[in-house]
Structures are given as C-alpha cells and as structure tokens.
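Since the structure comes first, as structure tokens, the remarks are kept for the end.
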Amino acid sequence: MFVKNKTVACVNISKISSIYSWNKKIENTSEYIAIFKTTTKNKKLLKEKIKETHPYDVPEIAEIDVTSINKSYLDWLIESTN
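Offset between the sequence shown (1-based) and my numbering: plus 10.
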C-alpha cells in the first residue's frame, strides 16, 4: 500500500518477539516491526496513515533522523516517492 502509492520507497518487515507491560500485565507476543524509508515531505502523511490503519491502540511510531546517506540511495529514495 505505502510503496504502491509512493508514500515510501521501501519497507523492511521482520517478525519479532515483544515483551511489554499492558493493562497491568506483562505480555509476551509475536508481532512485526516495519521500517519505512521515506522523505521528510512524506513523513507526516505516513504517520497519519499508520495511525488510521494500525490495529493497536498505541502503535509505536518512532523516527530516525538520518544525518548521512549515500547520494545514489537518496536520489533513488526521492525518485521513488515522487
């Protein structure tokens, strides 16, 4: 969905095991982590769409500010999201 509509250039999805506290209980569940690769101009839209479609009451939406990236990858990222 996000790649097809060019909100992101790429998404990496991996199955993980999560241990966390929820409703005063310790939970241990399998879930998926997704790393979305997008541009600054698309990040607000991406966050909104994740909140709208995510099944969790409180999804984790964390942002990694990239301070250095190779030019050819950045060019591809921009081209893939325009």
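Ideal Cβ placement from N, Cα and C applies to all residues, glycine included.
Within a 10 Å sphere around the beta-carbon of K47 sit 16 or more other beta-carbons, which makes this residue buried. Between I29 and N38, the CB-CB gap stays under 8 Å.
Under the 10 Å beta carbon count, V18 is surrounded by 16 or more other beta carbons and is classified as buried. For Y42, the enclosing beta strand (DSSP E) has its first and last residue at 35-47.
For the pair I71 and I79, the CB atoms are not nearer than the 8 Å cut-off. With respect to I23, A44 sits close: the two C-beta atoms are nearer than 8 Å. In the three-state reduction of the DSSP assignment, Y83 falls in the helix class.
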